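> Each position in the sequence shown, counted from 1, maps to that position plus 166 in the numbering used here.
Where a beta carbon is used, it is the ideal one built from N, C-alpha and C, also for glycine.
The structure presented is a predicted model; accordingly, all values stated were derived computationally and were not measured.
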Amino acid sequence: MAATGAAGSPGTAVSTLRVAVLAGGRSSEHDVSLSSAAAVRDGLLAAGHEVTAIEIGRDGVWRRDGSVVSVTPGEGLAGADVAFAALHGPYGEDGSIQGMLETLGVPYVGAGVAASAVCMDKVLFKDLMATLGLPQVGYAGIREEQFAEDPAAAIGRAAAVGLPSFVKPAHLGSSVGIVKVADREHLGAALRVAFSHDALAIVEAAAGGVEIECGVLEAPTGERPRALASEPGEIVYQGEFYDYAAKYTPGAMELLIPPRISASALARVRALALRTFEAVGCEGLARVDFFVDGEEVLVNELNTMPGFTPTSVYAKLLDASGVPYPTLVDRLCRLAIERHARQAGRRN
Ligand SMILES: Nc1ncnc2c1ncn2[C@@H]1O[C@H](COP(=O)(O)OP(=O)(O)O)[C@@H](O)[C@H]1O
Ligand SMILES: [Mg+2]
Numbered sequence: 167m168a169a170t171g172a173a174g175s176p177g178t179a180v181s182t183l184r185v186a187v188l189a190g191g192r193s194s195e196h197d198v199s200l201s202s203a204a205a206v207r208d209g210l211l212a213a214g215h216e217v218t219a220i221e222i223g224r225d226g227v228w229r230r231d232g233s234v235v236s237v238t239p240g241e242g243l244a245g246a247d248v249a250f251a252a253l254h255g256p257y258g259e260d261g262s263i264q265g266m267l268e269t270l271g272v273p274y275v276g277a278g279v280a281a282s283a284v285c286m287d288k289v290l291f292k293d294l295m296a297t298l299g300l301p302q303v304g305y306a307g308i309r310e311e312q313f314a315e316d317p318a319a320a321i322g323r324a325a326a327v328g329l330p331s332f333v334k335p336a337h338l339g340s341s342v343g344i345v346k347v348a349d350r351e352h353l354g355a356a357l358r359v360a361f362s363h364d365a366l367a368i369v370e371a372a373a374g375g376v377e378i379e380c381g382v383l384e385a386p387t388g389e390r391p392r393a394l395a396s397e398p399g400e401i402v403y404q405g406e407f408y409d410y411a412a413k414y415t416p417g418a419m420e421l422l423i424p425p426r427i428s429a430s431a432l433a434r435v436r437a438l439a440l441r442t443f444e445a446v447g448c449e450g451l452a453r454v455d456f457f458v459d460g461e462e463v464l465v466n467e468l469n470t471m472p473g474f475t476p477t478s479v480y481a482k483l484l485d486a487s488g489v490p491y492p493t494l495v496d497r498l499c500r501l502a503i504e505r506h507a508r509q510a511g512r513r514n
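#1: What first and last residue would you give for the alpha helix (DSSP H) that runs through PRO492?
#2: Answer with buried or exposed for PHE407, where buried requires no fewer than 16 other C-beta atoms within 10 angstroms of its C-beta.
#3: Could you check which residue in VAL279, LEU338, ILE321 has the C-alpha nearest to that of VAL289?
#4: Can you tell which of ALA277, ALA283, PRO239, VAL284 has its C-alpha closest to the C-alpha of MET266?
#5: Check whether the Cβ of ILE308 sits closer than 7 Å to any heavy atom of ligand 1, and report yes or no.
#6: Let's see if you can read the secondary structure: which residues bound the beta strand (DSSP E) around ILE547?
#7: Keeping to the same chain, check which residues put their C-beta closer than 6 Å to that of ALA186; ignore five residues upstream and five downstream.
#8: Which of helix, strand or coil does DSSP assign to PHE361?
#9: For the stretch 386-435, list the alpha helix (DSSP H) runs that are entirely contained and at least 4 residues long, ordered along the chain.
#10: Which term fits GLU384, buried or exposed, when burial requires 16 or more other beta carbons within 10 angstroms of its beta carbon?
#11: Between the beta-carbon of ALA371 and the beta-carbon of GLY304, is there less than 8 Å?
#12: In three-state DSSP terms, what is LEU300?
#13: Count the other CB atoms, across all protein chains shown, that sit within 10 Å of the CB of SER199; report buried if there are 16 or more and exposed otherwise.
#14: Below 8 Å on the Cβ atoms is my guess for ARG323 versus ILE344; work out the distance and round it to an integer in Å.
#15: Please tell me whether LEU468 and ALA393 are closer than 8 Å, where the distance is taken between their beta carbons.
#16: Going along the chain, which residues put their C-beta within less than 6 Å of some heavy atom in ligand 2?
#17: Using a threshold of 8 Å, state whether the C-beta atoms of VAL342 and SER331 are closer than that.
#18: Give me the Cα-Cα distance between THR387 and LEU366, rounded to the nearest whole angstrom.
#19: Assuming VAL279 and GLY399 make a contact with CB atoms under 8 Å, what is their CB distance in whole Å?
#20: Answer with buried or exposed for LEU438, where buried requires no fewer than 16 other C-beta atoms within 10 angstroms of its C-beta.
#21: From the DSSP output, in three-state form, read off GLU195 for me.
#22: Within its chain, find whatever has a CB closer than 6 Å to the CB of GLU311; leave out the 5 residues flanking it on each side and keep chain order.
#23: Cutting at 7 Å between CB atoms, please list the residues of its own chain near ALA205, excluding the five before and the five after it.
#24: Since ALA251 is in the beta strand (DSSP E), which residue starts that stretch and which ends it?
#25: At the level of alpha carbons, what is the spacing between ARG508 and ARG497?
#26: From this set, MET419, ALA431, ARG230, VAL446, which residue's C-alpha is nearest GLY375's C-alpha?
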């Protein structure tokens with residue numbers, strides 16, 4: 167179907183796409199995903215596309231207009247040209263949905279299976295950063311069974327990272343299950359909190375300075391450079407760290423664009439955001455988060471599907487960099503379709 171959509175450059179004919187927007191999901195970020203997906207739908211409609219909404223319940227069941235969705239491998243998803251999985255956290259951002267969409271044969275927005283999985287595992291991600299020499303805090307991954315078998319040895323490894331430290335479940339987001347630890351005697355309790363969420367914990371040395379986030383958006387196919395690093399933004403919040411309440415209480419966090427860091431640190435953030443994006447083999451989009459202390463810039467994490475409403479940090483950073491929301495979602499869908507076509511043209 168051909169039509170003229172609002173997202174094209176003036177005078178350019180763009181085709182209307184049928185986009186399956188996946189919302190909800192099984193993770194604790196279910197509600198955040200519902201907000202992201204509603205915004206994605208509005209953005210796609212504003213860009214002239216058609217949307218099929220698929221809601222994934224907390225029980226994992228997929229529903230469309232209240233009816234259970236059934237799928238057949240290789241036969242796509244609800245007749246959609248492309249899927250936009252606006253899902254955050256485990257079972258959505260961790261490669262599992264991406265694998266399912268590969269199996270169905272439908273193009274999908276954003277990172278593929280491997281990059282999604284690596285970025286959802288804080289230990290694997292840091293191991294990869296370490297092999298590439300990218301700057302980050304000291305850390306140790308500790309498995310639940312290691313702690314159960316020899317708690318003293320596990321606490322010894324955790325303490326060797328240095329104090330204060332942050333103890334976290336390795337595969338969660340939204341700051342769920344994170345404890346800041348000041349004394350060695352509290353490491354065991356913090357590890358138990360992490361293990362109540364996840365069989366793998368990560369202990370990290372506390373970084374100083376401010377938290378800076380940078381959006382990455384892949385350029386239209388064929389354009390160079392391959393991706394844009396957005397204007398970075400500074401996350402300002404009250405309290406010990408950027409916890410769940412600071413993230414989701416309206417008004418609890420302020421985003422400063424530009425951030426209060428030196429021009430050289432800012433340039434380093436943008437360069438490192440692109441290097442990290444490339445290093446993990448990301449596609450489409452990412453938000454790369456940093457700790458910046460003077461001239462020291464450390465990579466914290468890369469989110470392959472960051473919060474995605476127009477008031478989310480990612481969309482604000484891209485908007486400040488000249489990419490309005492409808493253009494953003496339109497670009498991501500087109501990139502997904504082009505990637506799928508390239509892959510289909512390969513012998514494998
Ligand atoms: N190593 C660290 N040094 C300083 N602050 C940290 C560290 N790790 C986590 N934090 C604080 O906890 C927040 C959440 O941690 P993060 O690793 O980004 O997990 P999530 O995936 O839940 O966002 C960070 O934004 C920061 O405020
Ligand atoms: Mg984070």
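Checking against the coordinates, here is how it stands:
#1: 491-510
#2: exposed
#3: LEU338
#4: PRO239
#5: no
#6: There is simply no residue 547 to check, as the chain begins at 167 and stops at 514 in what is shown.
#7: THR218, ILE220, LEU243, ALA244, ALA246, ALA249
#8: helix
#9: 410-414
#10: buried
#11: yes
#12: coil
#13: buried
#14: That pair is no contact at about 19 Å.
#15: no
#16: ASP455, GLU467
#17: no
#18: 38 Å
#19: VAL279 to GLY399, Cβ: 29 Å. No contact.
#20: buried
#21: coil
#22: none
#23: PHE474, THR475, PRO476
#24: 248-251
#25: 16 Å
#26: ALA431
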